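Visitor: Each residue of the sequence shown is one higher than the one before, counting from 68 in the numbering used here.
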Amino acid sequence: MTTRLFGLIRLVDAAAFDEYRSRVGTTVEKYGGMVVHRGTLAHCYWNELGCGAFDAFVELQFPTLADATRWASSEDYQNLLQVREQAMQLTLFAIN
């Protein structure tokens, strides 16, 4: 079953964010995934969960939850964590 990951992003450092975006897609593709959509927040109507404000979002798609998990825990992706931590604060979740 196809799994989609959604990331809610609060930008911290634009230059680091550009670097992260230029590198992360390759890691996603290596594990069978693809970047479906990237965008910026136009308007938030409700935030009753209190997850905090965000500036942008990303939607990724993987063939299975196992593929998404392999990507997230892979050495390829782990090598990007330092840049990601400089670039943003992230909430990432999977849905089926």
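We treat Cβ as the ideally placed atom computed from N, Cα and C, and that holds for glycine. Note that the structure is predicted; figures quoted are calculated from it, not measured.
At the level of alpha carbons, what is the spacing between S127 and Y112?
Guide: If you number the sequence shown from 1, residue 127 lands on position 60. If you number the sequence shown from 1, residue 112 lands on position 45. The displayed chain sequence assigns Leu, not Ser, to residue 127. If you take the alpha carbons of L127 and Y112, they lie about 23 angstroms apart.
Visitor: Taking only three categories from DSSP, how would you classify G74?
Guide: Taking the first residue of the sequence shown as 1, we reach residue 74 at position 7. Strand at G74.
Visitor: Are the CB atoms of R77 and D122 within a distance shorter than 8 angstroms?
Guide: Numbered from 1 along the sequence shown, position 55 holds the residue referred to as residue 122. Numbered from 1 along the sequence shown, position 10 holds the residue referred to as residue 77. Yes, the pair counts as a contact, with Cβ atoms nearer than the cut-off.
Visitor: Less than 8 angstroms separating the beta-carbons of F84 and M155?
Guide: For the purposes of this step, residue 84 is taken as residue 17 along the sequence shown, with counting starting at 1. For the purposes of this step, residue 155 is taken as residue 88 along the sequence shown, with counting starting at 1. Yes, the Cβ-Cβ distance between F84 and M155 is below 8 angstroms.
Visitor: Applying the 10 Å Cβ sphere with the 16-neighbour rule, what's the burial state of G100?
Guide: Indexing the sequence shown from 1 puts residue 100 at position 33. So G100 ends up on the buried side.
Visitor: Considering only DSSP beta bridges, list what H104 is partnered with.
Guide: One-based indexing of the sequence shown puts residue 104 at position 37. H104 is bridged to E126.
Visitor: Does the separation of the CB atoms of L132 and N163 fall below 8 angstroms?
Guide: Translated into positions along the sequence shown, residue 132 becomes position 65. Translated into positions along the sequence shown, residue 163 becomes position 96. Yes; because the gap between Cβ atoms is below 8 angstroms, this pair is in contact.
Visitor: What would DSSP say about F121, mapped onto helix, strand or coil?
Guide: For the purposes of this step, residue 121 is identified with residue 54 of the sequence shown, where counting begins at 1. F121: coil per DSSP, three-state reduction.
Visitor: Classify F160 as buried or exposed, calling it buried when 16 or more other Cβ atoms lie within 10 Å of its own Cβ.
Guide: Numbered from its first residue, the sequence shown carries residue 160 at position 93. F160 comes out exposed.
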